[in-house]
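Comments concern the structure below.
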Amino acid sequence: MRGLPKSPSDMTMNSLKIGVRLESFGLPLRRALPEAGKLGVGGVQVDAVGDLSPNALGQTGRREFRNLLRAHNLELTALGCPLRHALDEAENQQQRIEHVRKVMTLAFDLGPRVVIASAGRAPGEDEDDARTTLLTEALRNLGQHGDRTGTVLALETGLESGEQLRKYLDRFDTAGLGVTLDPANLLMNGFDPYEGARALAGKVSQVHAKDARKAGASRSAQEVALGHGDIDWTRFLGLLVEIEYRGWLTIEQESGERRPEALAAAVTFLKRFVA
411 MRGLPKSPSD MTMNSLKIGV RLESFGLPLR RALPEAGKLG VGGVQVDAVG DLSPNALGQT
471 GRREFRNLLR AHNLELTALG CPLRHALDEA ENQQQRIEHV RKVMTLAFDL GPRVVIASAG
531 RAPGEDEDDA RTTLLTEALR NLGQHGDRTG TVLALETGLE SGEQLRKYLD RFDTAGLGVT
591 LDPANLLMNG FDPYEGARAL AGKVSQVHAK DARKAGASRS AQEVALGHGD IDWTRFLGLL
651 VEIEYRGWLT IEQESGERRP EALAAAVTFL KRFVA
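No gaps in the numbering here: position 98 of the sequence shown is 508 in our numbering, and each next residue is one more.
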């Protein structure tokens, strides 16, 4: 098991809070919320789909959902915005942009003001093609919407190095674009999660607490239970302190059986670092 501190006093990070992605339970919303409350976490990330999609959730429903969270002593850490196609694809792109805008507005109404999405691979400095133009214009539009609404679209890491993503984001003059730092995604795609975290200083709006093993001679890269992979959590969390990240560590469990038990173990693991 990687990254265990020598003692609880070795690393205290009062600025970090532990949350969990609600979809990780594999349960309907009203059954998953009590399970999250039992774990002793402070917040949940939830996808803006189904009954929680912006078109389905009116003002009364938004108020009821906020009350439901309070009833379980939970905050909303962020809204997920799953997209079937990236923002660098031309077909129906305008509809996707409008949907993301609505989710960002919903995030303002519900409180977290952070929306997580996989928008597409950030192009390198020398890349200048149709997909790059589509992605850049879409993100400029959404960043401006974030500036107007006080929300942030936090792009998930993993399709490119942290350094490449940072150079791309620096093209935009907006506070409405940020990053969801996912060390496991970076590791599984062959990128350095520690250098990635350092490169993205000042842009990180959310951190996903996931673990993974690198690809080896006889195995492919894969997600594993938190604390059982190749991420050195002492080093990684130390880097979050270094870049002055103050926010949520949201546990995400995308595979495996006995998920409630795995999530409970992940919370216990993180609490060894976070007071």
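Don't be surprised by glycine CBs; every beta carbon is placed ideally from N, CA and C. Predicted model, so just to flag it, every value in this text is computed and none were measured.
Residue i, buried or exposed, once every other Cβ within 10 Å from all chains shown has been counted against 16
i, result
"K681", "exposed"
"N477", "exposed"
"H495", "exposed"
"P492", "exposed"
"R440", "exposed"
"P593", "buried"
"L549", "buried"
"S628", "exposed"
"A466", "exposed"
"A488", "buried"
"F679", "buried"
"S615", "buried"
"E433", "buried"
"A458", "buried"
"Q369", "This structure leaves residue 369 out entirely; the chain is present only between 411 and 685."
"R692", "Shown here, the chain extends from 411 to 685; a query on residue 692 therefore has no answer."
"P418", "Here the model assigns P418 a pLDDT of 35, short of 50, so the residue's position is not dependable and the matter cannot be decided."
"G637", "buried"
"T470", "exposed"
"A676", "buried"
"R576", "buried"
"M411", "Confidence in M411 is poor, its pLDDT being 48 and thus under 50, which makes the residue's placement unreliable; the coordinate value appears in the next sentence. Classification for M411: exposed."
"F683", "buried"
"L414", "Residue confidence for L414 is low, a pLDDT of 45 falling below 50, so the modelled location carries little weight; the figure read from the coordinates is stated next. Its Cβ having fewer than 16 others within 10 Å, L414 is exposed."
"A607", "buried"
"T422", "With a pLDDT of only 46 at T422, under the threshold of 50, the placement of this residue in the model should not be trusted, and no figure is reported."
"E537", "exposed"
"E535", "exposed"
"E633", "buried"
"G468", "exposed"
Minimum C-alpha distance to residue i - residue among the options
i, options, result
"D557", "F435, R440, G490, V524", "V524"
"G560", "L587, L647, R656, I641", "L587"
"G453", "R480, L486, G460, A532", "L486"
"L610", "A564, D640, T660, F435", "A564"
"E547", "A500, P603, F518, R576", "A500"
"P438", "G460, L426, K427, G429", "G460"
"L650", "V634, G639, A635, E605", "E605"
"A517", "Q632, P464, E654, R645", "P464"
"P603", "A635, T543, G648, D539", "G648"
"F582", "G568, L569, T644, K613", "K613"
The alpha helix (DSSP H) enclosing residue i, as first and last residue numbers
i, result
"H495", "Per DSSP, H495 belongs to no alpha helix (DSSP H) and is neither H nor E."
"V677", "669 to 681"
"I507", "503 to 520"
"L449", "439 to 449"
"A594", "593 to 598"
"T470", "469 to 481"
"E652", "643 to 652"
"Q574", "572 to 579"
Supposed close pair residue i, residue j - CB separation, criterion 8 Å
i, j, result
"S630", "F601", "The Cβ separation is near 16 Å, so there is no contact."
"G530", "D580", "Actually they are not in contact, since the Cβ atoms of G530 and D580 sit about 17 Å apart, beyond 8 Å."
"L449", "V456", "Between V456 and L449 the Cβ distance is about 15 Å, and since that is not below 8 Å, they are no contact."
"K620", "E566", "Contact flag wrong, Cβ pair sits at about 11 Å."
"V562", "L591", "Not a contact, Cβ separation roughly 13 Å."
"Q554", "T515", "Contact flag wrong, Cβ pair sits at about 13 Å."
"A532", "V510", "The Cβ separation is near 16 Å, so there is no contact."
"V451", "G436", "Not a contact, Cβ separation roughly 17 Å."
"A625", "I641", "Wrong, their Cβ atoms sit about 15 Å apart, outside the cutoff."
"L426", "L596", "With a Cβ gap of about 19 Å, L426 and L596 do not count as contacting."
Opening and closing residue of the beta strand (DSSP E) in which residue i lies
i, result
"R431", "427 to 431"
"A564", "562 to 566"
"G606", "Element bounds for G606: not the beta strand (DSSP E) but the alpha helix (DSSP H), 603 to 609."
"G453", "453 to 457"
"T559", "Taken as a continuous stretch (DSSP letters only), T559 belongs to no beta strand (DSSP E), being part of the alpha helix (DSSP H) at 540 to 559."
"R523", "R523 -> no beta strand (DSSP E), and no H or E assigned at all."
"Q616", "614 to 619"
"L659", "658 to 661"
"V634", "632 to 634"
Check: Is there contact here, the segment 432 to 450 with the segment 669 to 678, by at least three beta-carbon pairs under 8 Å?
Finding: yes
Check: Between the segment 500 to 512 and the segment 466 to 484, do three or more beta carbon pairs fall short of 8 Å?
Finding: no
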